[in-house]
Amino acid sequence: MVHHVMGVPGFYPWLLALWLLPLLGAIVCFAFGPQLRRVAGAFASAIVGASFLFAVICWGVGTQTVGGALGAHQVLFSWLPGFDFGLLLDPLSLVWALVITGVGCLIHIYSIGYLEGDRAFARFFAYMNFFIFAMLTLVLSDNFVGLLVGWALVGLASYFLIGYWFDRPSAVAAARKAFVINVVGDVGIMFAIILIYSRIGSLSFGDVFANVDKLGTATLLAVLVCLFLGAAAKSAQVPLHTWLPDAMEGPTPVSALIHAATMVTAGVYLIARCAPLWSASKDAQLLVGTIGGLTALLGAVLGMVQWDIKRILAYSTMSQIGYMIMGVGIGAYEGGVAHFLTQAFFKAQLFLGAGLIIHALSNEQDVRRMGGLAKKMPFAFWAMLTAVLAISGIPGFSGFFSKDLIIYGTLANGHPWLYAVGILTAGITAYYMFRLFFITFFGTYRGDVDPSSLGIRHPELAGVASAHADAEHLHMSGWVMNVPVAILMVPTVFSGWLLFGGTHSPWARFFVSQFAQIRLPAAPISEGLTSVLTFVLVLAGITVAYLRYATPSAQRNAVERLRRETVGMPPVLSNAFYFDAALDALFVRTSQWLGYLAARYVDPLVIDGGVREVVISTQWLGALARAFQSGLVRAYAVLLVAGAACFIAYYALAGGAR
Amino acid sequence: MAVLVLVLLPAVAGALLFLLPRDDVRASKTIGALVALATIVLAVFTRHQQFSATWLTRPFVSNLHFGATSISWWIVLLLGIATFGAILATNVSRTRSFIALLLFLEASMLGLFLARDLLLFALCWDLMLIPVFLGLIHWGSHPATAWRYFIYNFAGGLLLLLATAAFGLSVGTTDVIGGTGVALVGPWVPWIFAGFAIAFLVKTPVWPLHTWMPLTYADTPAPMISVVAGVQSKAGLYGFITIGMVFLPEMMRAYAGLFITLGIISLLYGAVASLVQTDAKRVVAYSSLSHLGLILVAIFSFNPIALVGALIYIVAHGLFSAALFLGLGYVEEREETRSLVRLGGLGAANPRLTGALCIAVLAALGLPGLAGFAGELLMLIGIFAAGFAWAAILGLVAVVLASAYFLRLFQGMMNGPVRPDLPMRRDLTWIEALAVVPLLLALLVLGVNPHPLTTFNTAPYLQSSGGGR
Numbered sequence: 304m305v306h307h308v309m310g311v312p313g314f315y316p317w318l319l320a321l322w323l324l325p326l327l328g329a330i331v332c333f334a335f336g337p338q339l340r341r342v343a344g345a346f347a348s349a350i351v352g353a354s355f356l357f358a359v360i361c362w363g364v365g366t367q368t369v370g371g372a373l374g375a376h377q378v379l380f381s382w383l384p385g386f387d388f389g390l391l392l393d394p395l396s397l398v399w400a401l402v403i404t405g406v407g408c409l410i411h412i413y414s415i416g417y418l419e420g421d422r423a424f425a426r427f428f429a430y431m432n433f434f435i436f437a438m439l440t441l442v443l444s445d446n447f448v449g450l451l452v453g454w455a456l457v458g459l460a461s462y463f464l465i466g467y468w469f470d471r472p473s474a475v476a477a478a479r480k481a482f483v484i485n486v487v488g489d490v491g492i493m494f495a496i497i498l499i500y501s502r503i504g505s506l507s508f509g510d511v512f513a514n515v516d517k518l519g520t521a522t523l524l525a526v527l528v529c530l531f532l533g534a535a536a537k538s539a540q541v542p543l544h545t546w547l548p549d550a551m552e553g554p555t556p557v558s559a560l561i562h563a564a565t566m567v568t569a570g571v572y573l574i575a576r577c578a579p580l581w582s583a584s585k586d587a588q589l590l591v592g593t594i595g596g597l598t599a600l601l602g603a604v605l606g607m608v609q610w611d612i613k614r615i616l617a618y619s620t621m622s623q624i625g626y627m628i629m630g631v632g633i634g635a636y637e638g639g640v641a642h643f644l645t646q647a648f649f650k651a652q653l654f655l656g657a658g659l660i661i662h663a664l665s666n667e668q669d670v671r672r673m674g675g676l677a678k679k680m681p682f683a684f685w686a687m688l689t690a691v692l693a694i695s696g697i698p699g700f701s702g703f704f705s706k707d708l709i710i711y712g713t714l715a716n717g718h719p720w721l722y723a724v725g726i727l728t729a730g731i732t733a734y735y736m737f738r739l740f741f742i743t744f745f746g747t748y749r750g751d752v753d754p755s756s757l758g759i760r761h762p763e764l765a766g767v768a769s770a771h772a773d774a775e776h777l778h779m780s781g782w783v784m785n786v787p788v789a790i791l792m793v794p795t796v797f798s799g800w801l802l803f804g805g806t807h808s809p810w811a812r813f814f815v816s817q818f819a820q821i822r823l824p825a826a827p828i829s830e831g832l833t834s835v836l837t838f839v840l841v842l843a844g845i846t847v848a849y850l851r852y853a854t855p856s857a858q859r860n861a862v863e864r865l866r867r868e869t870v871g872m873p874p875v876l877s878n879a880f881y882f883d884a885a886l887d888a889l890f891v892r893t894s895q896w897l898g899y900l901a902a903r904y905v906d907p908l909v910i911d912g913g914v915r916e917v918v919i920s921t922q923w924l925g926a927l928a929r930a931f932q933s934g935l936v937r938a939y940a941v942l943l944v945a946g947a948a949c950f951i952a953y954y955a956l957a958g959g960a961r
Numbered sequence: 114m115a116v117l118v119l120v121l122l123p124a125v126a127g128a129l130l131f132l133l134p135r136d137d138v139r140a141s142k143t144i145g146a147l148v149a150l151a152t153i154v155l156a157v158f159t160r161h162q163q164f165s166a167t168w169l170t171r172p173f174v175s176n177l178h179f180g181a182t183s184i185s186w187w188i189v190l191l192l193g194i195a196t197f198g199a200i201l202a203t204n205v206s207r208t209r210s211f212i213a214l215l216l217f218l219e220a221s222m223l224g225l226f227l228a229r230d231l232l233l234f235a236l237c238w239d240l241m242l243i244p245v246f247l248g249l250i251h252w253g254s255h256p257a258t259a260w261r262y263f264i265y266n267f268a269g270g271l272l273l274l275l276a277t278a279a280f281g282l283s284v285g286t287t288d289v290i291g292g293t294g295v296a297l298v299g300p301w302v303p304w305i306f307a308g309f310a311i312a313f314l315v316k317t318p319v320w321p322l323h324t325w326m327p328l329t330y331a332d333t334p335a336p337m338i339s340v341v342a343g344v345q346s347k348a349g350l351y352g353f354i355t356i357g358m359v360f361l362p363e364m365m366r367a368y369a370g371l372f373i374t375l376g377i378i379s380l381l382y383g384a385v386a387s388l389v390q391t392d393a394k395r396v397v398a399y400s401s402l403s404h405l406g407l408i409l410v411a412i413f414s415f416n417p418i419a420l421v422g423a424l425i426y427i428v429a430h431g432l433f434s435a436a437l438f439l440g441l442g443y444v445e446e447r448e449e450t451r452s453l454v455r456l457g458g459l460g461a462a463n464p465r466l467t468g469a470l471c472i473a474v475l476a477a478l479g480l481p482g483l484a485g486f487a488g489e490l491l492m493l494i495g496i497f498a499a500g501f502a503w504a505a506i507l508g509l510v511a512v513v514l515a516s517a518y519f520l521r522l523f524q525g526m527m528n529g530p531v532r533p534d535l536p537m538r539r540d541l542t543w544i545e546a547l548a549v550v551p552l553l554l555a556l557l558v559l560g561v562n563p564h565p566l567t568t569f570n571t572a573p574y575l576q577s578s579g580g581g582r
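Top line first, the protein sequences correspond to chains A and B.
The numbering used here puts the first sequence at residues 304 to 961.
The numbering used here puts the second sequence at residues 114 to 582.
What follows is the structure, encoded as structure tokens:
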């Protein structure tokens, strides 16, 4: 079989260094945690920073084209023929590597401040460095098995970090839920691997993409559905999204890095990586595009009715990834990947901004108990404002460019329904983000208001922190937390301009070789008109949010309004459309019931019945057993083994060696 | 000759332990651990050596023939590492006798896996029951469990002996293991196969012959059960590969549907039963039923990749079940309970124990990057390629269930609020940690690249019928 290698083969020390350095950092932080103490944070941040530097150094080899081969390919080792492992750096993986290490480094630095004084400070940074290593493994692998290894290891890092405060039962349960749902996705990718290997006999991307036709239409669709199962679990697509809101049990920097900026976008990477497969199956594209659109809409709808600031952002992440999946799903790869880039900046900033607030209010996460923070926390106000403008898609800010590219792409590829969903969701997004913004920063501080007057019935269940901050003595963050947020503000605002200029934009030219074969046809509605339509809905969303939460009268009656909204919430929304209950009843309860059936009834009654009769009827065996217990055992054992040894030795010597 | 020394060394050393003072725990453990290390070294150097001496000529030829095959060599190494760990981890009353038993157990299993003669194989099969039986009688809490273990496995052993005798009578020799296939013909073939198969199924065990296993695994002291679950449970699978696939391939293929069905039932039955156990050791016991069921399916799919996967998984399962049982033993020693209802919150005070158990659990649930995954993936690829797509899909369902029950086990012990009613003793000593570290390291190394295990020649095991001799 002729092997098709992607990338220019060679020895790339910087690439190896950028990949392995975070693993080294994780091992050092684990092994020498007690010795490193507070230095662990700075050490781990420096490691990721160095990794980022190496990624920048690798820019040249990552974008090189030599004789049709794009990027750099580093051979590692082989399990057996067809299972060859290596690293592949091309524009697609380069973008991911830069974001993982770049945004990762900023969040590492921020965490130094956020987790100051935590009991297991070094362990936290060990997990964080391990996550960076796992994520790099995922995006740098040149084959499906390596990708799956990275895929599972990021899930593991996520499990560790969601359950970081492992004495909290809610965190432990959330970690397990996230892990098991992600294993469902891993298993999907495993089955895709099984199918691919049975038809093609190799698992390296180059071989597989060069032999797409060997798969046949039905198998190709099966492969893509299985791969998408993996993508859906990792990227929180309906109906496998239920772990993401619960994952907010982890420390806020973890939510920013793993559950917003990088890991949850792995599904987008997988689809963009397998673009040659996806582009060969219209059915798969329709399926993925539809699920993506549905997730975008559902996440936005649920984002409108949350009270926990991190859960609002979690549903918003789910919705934004829905956009990305919709984009790469229907073939708008550049748009989907671009939205990954801009979302990584503004969503990380949103979470870190929320972290500033949570930190200042001593772990208060309920927006009903915030309010009036604009004056008290001007830096957080500006950080949140720029990010909210970016995610809402205000022209000029980063989210505007990438979101419009996806929405336009859906129409260009002939999916008018997805186009409508994209525009509608943009409006809802603007509404719930400004709702968050107004409730948090406008009006007066409500932390000292009795929770029940806000409609919070069970404060301890609603995530209301027990230790309330005194409004006058907020726990203000230092430079170590503010500087990363300030740096993130730059790309949050400006990174969208990379996409400006259509096919001549820097972004399009960067990816010209990657997605060259996939060009979008023109759509019946122009790109400019799409932007106008979207913007009108965005403005409508902001206006509704303003009227409900930010007019002077609404600010005055905020407590009463929030109470009414809480009490009047329809159960179907407060239970998030009952996805959790349905999955629980269908899978968890059923398998437990089968387990009880097997262990409590089948084993003892059906299978064992006959055997027990034998054992009981031979009561004399019991007497014999007691004899053994009374000290005879040693003598017996010695006799037995000595006898056996003599027996064997006799024949060995008497028979003579051949 | 060196091979014979390898087999006899642990037995002789075990007997000599009784010359030591009864209460010198340290000396017993040191000598035991050194002997286990010595068997590893000897095994490494005798990979391609054999020892053979004439034993019987009538009614059929049978020789005292020892020597590793390309498959059994790995299991012998696994046995050495597992025994080393078990001896270091031993913390029971009458330590000297217990370590002697562990060494006898190692010797009998070395004999089994190094045997090139079927009769020798069958004798060692029975011999290796005795240390476990004595361990259960002496250190277990229910004599009935010991008898149940013994009755099941001795019945299996008896069938094995009868089948071996019939094999010897119809072929004329039993000195066949690791050689080329012998054409087995005649009316006795189905009965010979049935004898071997039932013995192997009981030992593994496979549903519905498994009910001795959860009791035995729960009641046997942790160091001994780590060797039994890790290595002894592979005897049946090893038998299917080196005897069944080579000498009875037609019977194996004819009844493949039945065995694959039993394997799949074990796989799912064990998985759902694990989900609801409250005894930590029984969770791992049922998980073993599940995992070994998958290996059975892989063997009976007669596919080279599945066979490579089966060998990797045999080694990986040995490594992680040994590590798991040692870890559960440490927990039980410290907190005086194995109940997942009572345990909880051990993580904060026991970082080393938590880390060790965590790696073992992750390997067991098939985390990519650790050895269990490599074996599982290759087995499933081979099973699918052999045309058993439904079995591969159900195997994947079991992977999801495994993540659920293993995390339930791990989190139930290590996470959650600290329980004030538990003694909460100190973390692992470095010797206790040393017992599990080699197992975990091997899981990591083989997980990243299982290449050493993938290069053996699968052809002798995959021929369509036994060749001439």
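Note that beta-carbon positions come from the ideal geometry of N, C-alpha and C, so glycine has one too.
Among the residues of the segment 474-497 of chain A, those with a Cβ less than 8 Å away from any Cβ of chain B are V475, A478, R479, F482, V483, V486, V487, D489, V490, M493, F494, I496 and I497, in the order of the chain. Under the three-state reduction of DSSP output, W168(B) falls in the strand class.
For L122(B), the enclosing alpha helix (DSSP H) begins and ends at A115 to L129.
For the segment 515-536 of chain B, residues whose beta-carbon sits nearer than 7 Å to a beta-carbon of chain A comprise S516, A517, L520, Q524, N528, G529, P530 and V531. Look at the beta carbons and you see the segment 544-558 of chain A touching the segment 457-468 of chain A: at least three pairs across the two are nearer than 8 Å.
If you draw a 10 Å sphere on the C-beta of F246(B), you find 16 or more other C-beta atoms in it, and that means buried.
L491(B) is a Cβ neighbour of V421(B), given a cutoff of 8 Å. Inclusion of G374(A) and V448(A) in the CB contact set at 8 Å is not warranted, their separation being larger than that value. DSSP places D288(B) outside both helix and strand once states are collapsed to three, so it counts as coil. In the DSSP annotation of this structure, the continuous segment of the beta strand (DSSP E) that includes D387(A) starts and ends at D387 to L392. For the pair G675(A) and I660(A), the Cα-to-Cα distance works out to about 12 Å. For D470(A), at least one C-beta of chain B is nearer than 8 Å to its own C-beta. Any Cβ of chain B closer than 8 Å to the Cβ of L323(A) would place that residue at the interface, and such an atom is absent. With at least 16 other beta carbons inside 10 angstroms of its own, L214(B) counts as buried.
A residue is called buried when at least 16 other Cβ atoms come within 10 angstroms of its Cβ; S221(B) meets this threshold and is buried.
With fewer than 16 neighbouring CB atoms inside 10 Å of its own CB, V154(B) falls in the exposed class. Between F386(A) and L506(A), the gap from beta carbon to beta carbon is short of 8 Å. One Cα belongs to G458(A), the other to F482(A), and the distance between them is close to 6 Å. Relative to A587(A), the option among E419(A), V526(A) and L356(A) whose CA is nearest is V526(A).
Q367(A) carries a coil assignment under DSSP once its states are collapsed to helix, strand and coil. For a Cβ distance threshold of 9 Å, nothing in chain A lies close to G440(B): the least Cβ distance comes to about 17 Å. Out of I633(A), D611(A), L580(A) and L616(A), the CA that lies nearest to the CA of I594(A) is found in I633(A). A Cβ-Cβ separation of about 19 Å leaves L409(A) out of contact with A437(A) under the 8 Å criterion. Closest option to T152(B), judged by alpha-carbon separation, among G269(B), H161(B), I194(B) and L133(B): I194(B). Burial of V631(A) is indicated by the presence of at least 16 other C-beta atoms within 10 angstroms of its C-beta. The C-beta distance from H306(A) to G509(A) rounds to 7 Å, short enough to meet the 8 Å contact threshold.
What S501(A) touches in chain B, judged by beta-carbon distance under 8 Å, is I494, F497 and A498, going in chain order. Non-local beta-carbon contacts of L644(A) in its own chain, meaning distances under 6 Å to residues more than five positions away in sequence, are absent. The three-state reading of DSSP puts H411(A) in helix, counting H, G and I together.
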